[in-house]
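In terms of our numbering, the sequence shown is residues 54 to 311.
Where a beta carbon is used, it is the ideal one built from N, C-alpha and C, also for glycine.
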Amino acid sequence: MKLSKIVLIMMLFSMFLLISCNKEDGSPTEPEDGGGSGNTNASGQPMPDFGGNSDGVLATINYEFQTMPGFPAAQLSMAFAQFGTGIDGGNVSVNGNSLGKTSQGSTTFYMTPSPSNPTQTLTGVSFDGSNHNWQVSGNGSIPQMSGGVQSPSNFSLTGPANNATVSKSGGITITWGNASNNSNVLVVLAALDNSGSYYAAEGLSDNGSYTIPAGDISGISGQAMLQVVKYNYAPISAGGKTYYAVAEIVKSVTITVN
């Protein structure tokens, strides 16, 4: 169990590096909320982009990805927080779980589990419409704050299937189950080659279906990672600043785009 969690944490950070590199050269499409930096953060998972309206993010994430055919999907629940460009915010917890603090150069972020403690798990954090409540002690320019967000409910990614080959000529249609009027959806399609191409659309209706327009993915061919994210968010105002609590469920598959 310990080894598998270490491997999964390293995979999450590897995907963060992949998406970060893709953002430098890609041309994302944001049909609803605008922006384009929502996929670059140290959690390794895509998040909604709040642009210049956000002074930080506190996120709970349930991440699931398919492995080899015939094996069950791997799943991990994690918590992540970052203030400003990576400022120490003191002690951070969600539903009583204290997050580990990690520094990379001059940047500080919070994460559980983390590379230094990959076996740590979240307790009392469920993705079933329950509340995820945050507490931040504050430090320096980061104020003390508390706030929460209602989590989305779990869903299934019904199409495309993992390892499917899809044609982009008519666009790529994505379908998922357990649609709801209470959540938003973010879709990311990232090429797994060195082209640096990716597509992102956020603020989508949670109606169970979305088609990526063919004209927006002309630069993506071959193997690609498709992620569908169902999320809720709520602002937290403190010290004249606005932070966002996010709860999201991420489903990920690998497909071949022709």
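State the DSSP-derived secondary structure class of residue i, mapped to helix, strand or coil.
i, result
"A277", "strand"
"N106", "helix"
"A217", "coil"
"D181", "strand"
"A95", "coil"
"G256", "strand"
"A232", "coil"
"T172", "coil"
"S146", "strand"
"L242", "strand"
"N207", "coil"
"N237", "strand"
"S321", "In the structure as shown, the chain begins at 54 and stops at 311. Residue 321 is therefore absent and cannot be evaluated."
Candidates the options: which alpha carbon is nearest residue i's?
i, options, result
"G256", "S146, N207, S236 and S183", "S236"
"G193", "G137, S179, L239 and S183", "G137"
"S199", "S146, S156 and S179", "S146"
"V306", "G292, A291, Y297 and V219", "V219"
"V189", "Q98, S248, G224 and A291", "A291"
"S151", "P205, N186 and G268", "N186"
"G191", "K304, K294 and V299", "K294"
"T226", "S262, S258 and A244", "S262"
"A112", "P213, Y286, N311 and V310", "Y286"
Can you pull the DSSP bridge partners for residue i?
i, result
"S118", "For the record, residue 118 in the displayed sequence is Phe; it is not Ser. For F118, which the question treats as bridged, DSSP gives the partners A127 and S305."
"F133", "A112 and M164"
"N186", "G201"
"I270", "Answer by DSSP bridge pairing: none, since I270 is not bridged."
"G153", "M164"
"G212", "T228"
"S290", "T295"
"I140", "Answer is none; I140 lacks a bridge partner."
"N285", "A300"
"N192", "I195"
"S262", "T228"
With a cut-off of 8 Å on the beta carbons, I'd call residue i and residue j a contact; round off their distance for me.
i, j, result
"N207", "N231", "7 Å"
"G272", "D246", "Not a contact, Cβ separation roughly 10 Å."
"V178", "N215", "Actually they are not in contact, since the Cβ atoms of V178 and N215 sit about 26 Å apart, beyond 8 Å."
"Y284", "P205", "6 Å"
"I302", "V282", "7 Å"
"G109", "Y296", "4 Å"
"V389", "P99", "The shown model of the chain, from 54 to 311, leaves out residue 389, and the question about it has no answer."
"A300", "V202", "5 Å"
"F133", "F103", "Incorrect: roughly 15 Å between the Cβ atoms, too far for contact."
For residue i, does the count of other Cβ atoms within 10 angstroms reach 16, so buried, or fall short, so exposed?
i, result
"F180", "buried"
"T264", "exposed"
"Q280", "buried"
"Q128", "exposed"
"I217", "Reading the sequence as shown, one finds Ala at residue 217 and not Ile. With fewer than 16 Cβ atoms within 10 Å of its Cβ, A217 is classed as exposed."
"M121", "exposed"
"P288", "exposed"
"F124", "exposed"
"N144", "exposed"
"G97", "buried"
"Q135", "buried"
"S169", "exposed"
"S167", "buried"
"S222", "exposed"
"S159", "exposed"
"N260", "exposed"
"G268", "exposed"
"N250", "The amino acid occupying residue 250 in the given sequence is Ser; Asn does not appear at that position. Result: buried."
"S142", "First, the amino acid is wrong: residue 142 is Gly here, not Ser. Classification of G142: buried, given that the 10 Å Cβ count is 16 or more."
"T172", "exposed"
"T174", "exposed"
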